[in-house]
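A.B. asks: With the numbering used here applied, the sequence shown covers 116 to 424.
Below is one structure. I have some questions about it.
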Amino acid sequence: MFKAELKQKQPVVYRILSKALKTNRLSHAYLLVGDKNVPKEDTALLLAQSLVCHHKDEDGFACQTCEACLRLQKEESFDLIRIRSTPLKKKDILKIQERFAQTSMETYAFQIYILDHFESCTPEAANTLLKFLEEPHPNILGILMAEDLSQVLDTIVSRTQVIPFKPLDPEGMRASLIQQYGNEEQASMLAHCGYSYESAKAWMENEDFSLLQESAKKYVDHHASLSQIVNLQTKIFYSKSKFKEKEAVRVWLCWILYYIKYNDGSKLSLEQRNEIFLILVEAFERLRRPVDLLLFLDDIHFRIRKAIL
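See below:
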């Protein structure tokens, strides 16, 4: 169960939250900070469940199996709102305020909001949330998540309790995924490209993951030839493709990075590899912002091909 994993791998996070839950001395907002591969999402859900569960364990954490816990897990509770927008916008914060201004339909003691990727929020969203945090309601609790604390406004940081996660060991995660799923190459890519354990499991159980892997391998094997670019544009990433989502594009780029770094043999010079690494690092950063994915990919194809030829 996740609680045991959290206690073992993130003992500081476990102790901080356990003490707050057992003493009922909760902050009105928490900011979970850590690399992409730490279990911030799972911890946010566990904390939310622990606020409504009537079957808590001796450390104050939810059972995660009762009806109340499962309703939050499925995001079916009117008293929980989770925003995954990237970037987070002012309208998203207003949506939370409007929802919680209504009478709760549940019997829980808390109304909870969870904000993913908070460091990507617009200035308008941050300022709107700041006003919300400055006048905390005793029965409303916020859980914010961010990878880079330096990208979060100091005024937001000062009004939340920061919970720092220590980086996970990629090799330990890789070994666990191999043991569970048996695919060493897929486990290695996900572990070394910074995916959380739960996200990695979700991708390994997704049939589209192997299709993206195969496409990336062909692309690298043929050194970004024009025929491979055309194949991508017509069969993988096209206007009505099921892969026309940021996360699918990000996974495909991770596969490119993995194959260039680990499986390309001597096909590319060190200078070519370094240039492609820089292109990919910049690409991941660009994906944090609003982009036209097809134009974005066309630019990546052109720059990688130019680096190779």
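Just so it is clear, CB atoms sit at the ideal spot from N, CA and C, and this is done for glycine as well.
1. Going by DSSP, what residues sit across from L147 in a beta bridge?
2. For L383, name the three-state secondary structure that DSSP assigns.
3. Determine the closest residue to L292 out of S165, T275, G257, A317, with distance taken between C-alpha atoms.
4. If you check the beta carbons only, do L161 and F117 fall under 8 Å apart?
5. Is L230 helix, strand or coil when you go by DSSP?
6. What does DSSP give as the partner residues of R197 in its beta bridges?
7. Just to confirm my understanding: we take L146, look at its own chain, exclude 5 residues before and 5 after, and list those with CB closer than 6 Å. What are they?
8. Once the 5 residues before and after L264 are set aside, which same chain residues still bring their CB inside 6 Å of it?
9. Which two residues bound the contiguous alpha helix (DSSP H) that contains L187?
10. Quick check on the DSSP output: the alpha helix (DSSP H) that includes P285 runs from which residue to which?
11. Please work out which residues of its chain come closer than 8 Å, Cβ to Cβ, to Q188, disregarding the five sequence neighbours upstream and downstream, and give them in chain order.
12. What distance in whole Å lies between the Cβ atoms of I375 and R388, which are believed to be in contact at a cut-off of 8 Å?
13. Could you give the distance in angstroms between the alpha-carbon of E386 and the alpha-carbon of L368?
14. Would you report the Cα separation of A144 and S340, rounded to the nearest angstrom?
15. Take D323 and list the residues in its own chain whose beta-carbon comes closer than 8 Å to its own, dropping the five residues that flank it on each side.
16. With E320 as the anchor, note down where its alpha helix (DSSP H) starts and where it stops.
17. Counting C-beta neighbours from all protein chains within 10 Å, is the total for Q294 16 or more, i.e. buried, or is it exposed?
18. Could you tell me how far apart the beta carbons of I198 and D231 are, in whole angstroms, since I believe they sit closer than 8 Å?
C.D. replies: The short version:
1. DSSP, once it has assigned bridges, lists M260, I278 as partnering L147.
2. Looking at L383 - three-state DSSP - the assignment turns out to be coil, as it is neither helix nor strand.
3. Checking every option, the nearest Cα to that of L292 belongs to A317.
4. Between L161 and F117, the C-beta spacing is below 8 Å.
5. In the three-state reduction of the DSSP assignment, L230 falls in the strand class, which pools E and B.
6. Its beta-bridge partners are I229.
7. Answer for L146: L259, T275, V277, listed in chain order.
8. Counting only residues of its own chain and dropping the five nearest sequence neighbours on each side, L264 has a CB closer than 6 Å to the CB of V148.
9. Annotation for L187: the continuous alpha helix (DSSP H) segment containing it runs 182-188.
10. Note, P285: alpha helix (DSSP H), 285-296.
11. Cβ within range, chain order: L160, Q164, Q179.
12. In this structure R388 is in contact with I375, their Cβ atoms being roughly 6 Å apart against a cut-off of 8 Å.
13. Approximately 19 Å between the Cα atoms of the pair.
14. Rounded to the nearest angstrom, the two C-alpha atoms are 50 Å apart.
15. K357, F358, A363.
16. Careful: E320 lies outside any alpha helix (DSSP H) and carries neither H nor E.
17. Counting the other CB atoms within 10 Å of its CB gives Q294 a total below 16, which places it among the exposed residues.
18. Separation of the CB atoms of I198 and D231 is rounded to 7 Å, and the pair is thereby assigned contact status at 8 Å.
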